[in-house]
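> Structure incoming, see below.
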């Protein structure tokens with residue numbers, strides 16, 4: 121890999137051709153392949169009551185993936201803190217860290233990861249009290265995992281067990297200036313959800329750095345910026361593969377959530393034109409084009425690391441994306457025509 125690390129975010133997305141079990145099996149295939157290729161970390165998300173996503177419990181899925189991989193860091197992108205008691209999360213990730221020392225990341229988010237009714241069922245209470253209490257709950261969670269920031273706290277009389285010899289690394293996730301400012305004030309690593317296409321990426325990372333205070337876990341700002349990526353041998357093929365993801369994202373914004381459809385179905389979908397007209401941060405193209413765009417993103421945001429996600433219909437295409445990106449990223453002298461030619465030959469073989 122190049123000096124700037126690359127990581128992978130996976131939602132274990134369901135497709136019209138896959139069952140939930142298949143989606144989770146595909147997540148394992150991606151994790152093991154990313155492990156073999158040298159990616160830095162592999163994170164999974166938390167979403168509820170969605171027929172498009174199979175990843176509902178990051179801790180359980182992380183345990184499965186960590187047991188089947190050897191080197192790569194496994195983590196949550198992220199655990200939605202308002203849905204859970206801080207002690208529950210702390211004990212889950214303390215256990216993961218004890219099982220897989222120095223390989224576990226705990227990414228924490230503030231959003232519910234679902235609709236209001238499901239959020240109320242998860243929290244067993246209506247309203248946004250847990251969201252409003254987020255900073256205090258985060259301080260509690262950090263204290264349970266060895267990062268004590270106040271003189272007194274619940275960790276004075278409660279402990280997250282098992283008592284591991286090391287703690288998982290905590291990251292604050294967000295797509296807003298609030299999360300950026302909080303991460304900076306607490307001296308935590310900040311992960312910005314650039315793949316959400318909500319805008320504000322540059323402003324958020326600037327706010328994070330402007331409010332950053334060194335802490336016991338971090339002396340200097342550390343940012344991970346996410347990017348939705350689709351790579352293929354030709355730009356036309358990459359655009360073809362991007363159709364399902366465009367339709368899915370358009371459906372999420374218009375209340376038409378559904379599993380990923382095939383590229384052929386997307387090409388004939390009535391919403392395709394509207395989906396393509398939506399502004400997007402997605403990076404789509406040949407390996408060299410994608411590398412160039414990722415490098416521009418890293419430069420603009422001064423990212424410490426990039427984390428890519430890919431929304432293609434077939435797991436084989438997702439695996440190929442990791443192959444192509446890994447090869448082009450670590451080889452500064454690679455010729456784009458040569459890479460595209462070899463990739464096409466492999467496809468035909």
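Residue numbers (my numbering): 121 to 469. Here a beta-carbon is modelled for each residue, glycine too, at the ideal position from N, C-alpha and C. Since this is a predicted model, take the numbers as computed values, not measurements.
#1: Would you mind working out which of 144, 291, 210 and 411 sits nearest residue 348, comparing C-alpha positions?
#2: Measure how close the beta-carbons of residue 344 and residue 425 come, nearest whole angstrom, since I'm counting them as under 8 Å.
#3: Provide the residue span of the alpha helix (DSSP H) that contains residue 305, from first to last.
#4: Between the segment 423-442 and the segment 376-389, are three or more C-beta pairs nearer than 8 Å?
#5: How many angstroms separate the CA atom of residue 287 from the CA atom of residue 222?
#6: Can you tell me whether DSSP reads residue 371 as helix, strand or coil?
#7: So that I know if they touch, is there some Cβ in chain D lying closer than 8 Å to that of residue 326?
#8: Quick check: what's the CA-CA separation for residue 160 versus residue 203?
#9: State whether the segment 277-295 contacts the segment 205-213, with contact taken as three or more CB pairs (one from each stretch) at a distance under 8 Å.
#10: Beta-carbon separation of residue 154 and residue 173 under 8 Å?
#11: Output the distance between the C-alpha atoms of residue 374 and residue 422, rounded to the nearest integer angstrom.
#12: Could you tell me which residues DSSP pairs with residue 77 in its beta bridges?
#13: Rounded to the nearest angstrom, what separates residue 133 and residue 437 at their Cα positions?
#14: What residue range is occupied by the uninterrupted alpha helix (DSSP H) comprising residue 400?
#15: Could you tell me which whole beta strand (DSSP E) segments of length 3 or greater appear in the segment 137-167?
#16: Can you tell me where the beta strand (DSSP E) with residue 337 in it begins and where it stops?
#17: Thinking C-beta only, is residue 328 closer than 8 Å to residue 303?
#18: For the structure I just gave you, are there three or more beta carbon pairs, one from the segment 355-364 and one from the segment 389-407, closer than 8 Å?
#19: Alpha carbons only, please: which of 367, 414 and 441 is nearest the one belonging to residue 135?
#20: Just reading off the alpha helix (DSSP H) that residue 216 is part of, what are its end residues?
#21: Run the CB neighbour count on residue 452, radius 10 Å, all protein chains shown included, and call it buried at 16 or more, exposed below.
#22: Taking DSSP's pairing of strands, which residues face residue 347 in a bridge?
#23: How many angstroms separate the CA atom of residue 207 from the CA atom of residue 322?
#24: Determine the DSSP secondary structure at residue 414, reduced to helix, strand or coil.
#25: Just the C-alpha distance for residue 284 and residue 324, rounded to the nearest angstrom, thanks.
#26: Could you check what DSSP says for residue 311 in three-state terms: helix, strand or coil?
#27: What is the rounded straight-line gap between the Cα of residue 260 and the Cα of residue 273?
#28: Label residue 137 either buried or exposed according to how many other C-beta atoms from any shown protein chain fall within 10 Å of its C-beta, with 16 as the threshold for buried.
#29: Could you check which residue in 158, 180, 169 and 157 has the C-alpha nearest to that of residue 144?
#30: Could you give the distance in angstroms between the alpha-carbon of residue 464 and the alpha-carbon of residue 445?
#31: Within a Cβ cutoff of 6 Å, which residues of the same chain sit near residue 378, ignoring the five residues on either side of it in sequence?
#32: Between which two residues does the alpha helix (DSSP H) containing residue 279 stretch?
According to the structure data:
#1: Residue numbering aside, residue 348 sits at position 228 when the chain shown is read from its first letter. Residue 348 has its Cα closest to that of 411, out of 144, 291, 210 and 411.
#2: On the chain shown, position 224 is the one that residue 344 refers to. On the chain shown, position 305 is the one that residue 425 refers to. With a Cβ gap of about 5 Å, residue 344 and residue 425 count as contacting.
#3: Counting from 1 along the chain shown, the entry for residue 305 is found at position 185. Run containing residue 305: 297-306, per the alpha helix (DSSP H) assignment.
#4: yes
#5: What you label residue 287 is simply residue 167 of the chain shown in a count that begins at 1. What you label residue 222 is simply residue 102 of the chain shown in a count that begins at 1. Taking the straight line joining both Cα atoms gives about 8 Å.
#6: Position 251 of the chain shown holds residue 371. The answer is helix: DSSP assigns residue 371 an H, G or I state.
#7: Within the model displayed, chain D is absent; a lone protein chain is all it includes.
#8: Numbered from 1 along the chain shown, position 40 holds the residue referred to as residue 160. Numbered from 1 along the chain shown, position 83 holds the residue referred to as residue 203. Roughly 28 Å separates the two Cα atoms.
#9: yes
#10: Residue mapping note: residue 154 aligns to position 34 of the chain shown, counting from 1. Residue mapping note: residue 173 aligns to position 53 of the chain shown, counting from 1. Not in contact: residue 154 and residue 173 (Cβ atoms no closer than 8 Å).
#11: Along the chain shown, read from residue 1 onward, the residue named residue 374 stands at position 254. Along the chain shown, read from residue 1 onward, the residue named residue 422 stands at position 302. So the alpha carbons of these two residues sit roughly 33 Å apart.
#12: Residue coverage of the chain in this structure runs from 121 to 469, which leaves residue 77 outside it and unanswerable.
#13: Start at 1 with the first residue of the chain shown, and residue 133 comes out as number 13. Start at 1 with the first residue of the chain shown, and residue 437 comes out as number 317. Rounded to whole angstroms, residue 133 to residue 437 spans 14 Å at the Cα level.
#14: As a first step, residue 400 is located in the chain shown; it is residue number 280 there, counting from the start. Premise fails: residue 400 is in no alpha helix (DSSP H) and is neither H nor E.
#15: 161-164
#16: Against the chain shown, residue 337 aligns to sequence position 217. Run containing residue 337: none; DSSP gives neither H nor E here.
#17: Walking along the chain shown from the start, residue 303 turns up at place 183. Walking along the chain shown from the start, residue 328 turns up at place 208. Result yes, Cβ atoms of residue 303 and residue 328 sit closer than 8 Å.
#18: yes
#19: Counting from one through the chain shown, the residue named residue 135 turns up at place 15. With distances taken between Cα atoms, residue 135 lies closest to 367.
#20: Residue mapping note: residue 216 aligns to position 96 of the chain shown, counting from 1. Where residue 216 is concerned, the enclosing alpha helix (DSSP H) stretches over 206-219.
#21: The residue you call residue 452 lines up with position 332 of the chain shown. Residue 452 comes out exposed.
#22: The count along the chain shown starts at 1 and reaches residue 347 at position 227. 428.
#23: Here the question's residue 207 lines up with position 87 in the chain shown. Here the question's residue 322 lines up with position 202 in the chain shown. Their Cα atoms are separated by approximately 34 Å.
#24: Within the chain shown, residue 414 is the residue found at index 294, counting from 1. Note: residue 414 maps to helix in three-state DSSP.
#25: For the purposes of this step, residue 284 is taken as the residue at position 164 of the chain shown. For the purposes of this step, residue 324 is taken as the residue at position 204 of the chain shown. So the two alpha carbons sit approximately 34 Å from each other.
#26: As a position in the chain shown, residue 311 is number 191, starting the count at 1. Strand, per DSSP.
#27: Start at 1 with the first residue of the chain shown, and residue 260 comes out as number 140. Start at 1 with the first residue of the chain shown, and residue 273 comes out as number 153. If you take the alpha carbons of residue 260 and residue 273, they lie about 7 Å apart.
#28: Mapped onto the chain shown, residue 137 falls at position 17. Exposed, because fewer than 16 other Cβ atoms sit within 10 Å of the Cβ of residue 137.
#29: Start at 1 with the first residue of the chain shown, and residue 144 comes out as number 24. When each option's Cα is compared against that of residue 144, the closest is 180.
#30: Locating residue 464 in the chain shown gives position 344, counting from the first residue. Locating residue 445 in the chain shown gives position 325, counting from the first residue. Residue placement at residue 464 is poorly supported in this model, since its pLDDT is 46, which falls under 50; the coordinates are not used for a value here.
#31: Sequence index remark: in the chain shown, residue 378 carries index 258 (1-based). Excluding residues within five positions, the ones whose Cβ falls inside 6 Å are 371.
#32: If you number the chain shown from 1, residue 279 lands on position 159. Careful: residue 279 lies outside any alpha helix (DSSP H) and carries neither H nor E.
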